[in-house]
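Residue numbers (the numbering used here): 723 to 981. Built from N, CA and C at the ideal position, the CB exists for glycine as well. Before any comments, here is the structure.
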C-alpha cells in the first residue's frame, strides 16, 4: 500500500540524509539498474535418510535445465543443500533464473509435464514452499561450480524507509561492494532480490552471493570489515533504513551453472 501523502516530506528528508551518508566513493561508482532477472526457487525439507535420493533427483532434472539453457529460456540454474539447519527450515532447494517471468514458468511447466515434480523423494518432503524473486542489481561470471557456497541474507525495511530504499542501497552500497569482489574473483555471483510474487512481507529484500570456496567467505567478511572501517557512514546509511531485528542469514552448499 502506498504511504500517506502527509509522510512524503519526511521521507524526502530521510532520502536526502541517507544519500548524504553514503560514502563519496560509493556515490561516484554507483551501479546501474539492469533488466529484471527472475528466479524460481523450490524449498524442500527432506528427511535425512532421503538425501541421497534428492541428489539423484537433482541429477535427473539437469536434462530439462540444460535444454532450457541452450534455448535461451533460462540463463542460470542450480541446487542447494542447507548447511546451517533450523528446527523448521528447509534442507534443500532447486532454482533457475530467466530474463522473463515466462521463462521461469515455462521451465516449471516442463517439470510438471515430465513428472519430475512428483518424484518419490519430493513426496517424502515434510515441508515445501516456493518463491519467485526478481533482481535488478546482479552480476556473475559465466561457468559451472560444484560444491560452492551460497550466503544469503534477508532484511526488512523500516516502516519509514523511502519507497526506493532497496534501489538506493543496491546502487550506492551493495552493488559497488560486490562488484569489487566479483572483479577480483572472490565471488562468482551476487544479486539483490525482492519477491516478484509476495508470499512474505513486501518490505523484505534479500542479498545473495556465491563463493567458490570456504576461504572466499572469509575474504568477503574481511572486505566487509575493511569497508565499514574505512566508511563508517555506510553502516549508518544501511541501519537508517533496515530493521535488523528481522535480519536472518543462510549458508548452503551449491551447484550452479550460469550462461
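Closer than 8 Å: is that where the CB of residue 867 sits relative to any heavy atom of the ligand SAH?
The ligand SAH is not part of the structure shown, which contains no ligands of any sort.
Under 9 Å between the Cβ atoms of residue 894 and residue 959?
yes
Please report the straight-line C-alpha distance between residue 664 and residue 760, rounded to a whole angstrom.
A query on residue 664 cannot be resolved here, the shown segment of the chain reaching from 723 to 981 and no further.
Could you pull out every residue in the same chain whose Cβ sits closer than 6 Å to the Cβ of residue 927, ignoring the five residues on either side in sequence?
877, 888 and 916
Please classify residue 755: does DSSP put it in a helix, a strand, or coil?
coil
Which whole-angstrom value is the C-beta distance of residue 908 and residue 941, which I expect to be below 8 Å?
5 Å
Nearest CA to the CA of residue 809: which residue from 880, 768 and 913?
768
What residue range does the alpha helix (DSSP H) around residue 901 cover?
897-905
Does residue 783 come out as helix, strand or coil in the three-state DSSP assignment?
helix
Figure out for me which residue from 763, 891, 792 and 955 has the closest Cα to the Cα of residue 850.
763
Exposure of residue 862, with buried meaning 16 or more beta-carbon neighbours within 10 Å
buried
Could you give the DSSP three-state label for residue 975: helix, strand or coil?
strand
Three-state secondary structure assigned by DSSP to residue 918
coil
Which of the three DSSP states is assigned to residue 745 in this structure?
Confidence at residue 745 is low in this model, with a pLDDT of 43, below 50, so its placement is unreliable and no value can be given for it.
Would you grab the beta carbon distance between residue 921 and residue 853 for me? Rounded to a whole angstrom, and I think it's under 8 Å.
6 Å
Give the secondary structure of residue 778 by DSSP, where H, G and I count as helix, E and B as strand, and everything else as coil.
helix
Using 10 angstroms around the beta-carbon of residue 919, count the other beta-carbons present and answer buried if the total reaches 16, otherwise exposed.
exposed
Taking CB distances under 9 Å as the criterion, tell me whether residue 968 reaches chain D.
Annotation note: the requested chain D is absent from the structure, which comprises a single protein chain.
Closer than 8 Å is the cut-off here; do at least three beta carbon pairs connect the stretch 822-840 with the stretch 776-795?
yes
I need the DSSP call for residue 881, collapsed to helix, strand or coil.
coil
Would a C-beta distance cut-off of 9 Å place residue 884 and residue 963 closer than the cut-off?
yes
Please report the distance separating the alpha-carbon of residue 749 from that of residue 957.
Because the pLDDT at residue 749 is just 41, under 50, the model does not fix this residue reliably, and the point stays unresolved.
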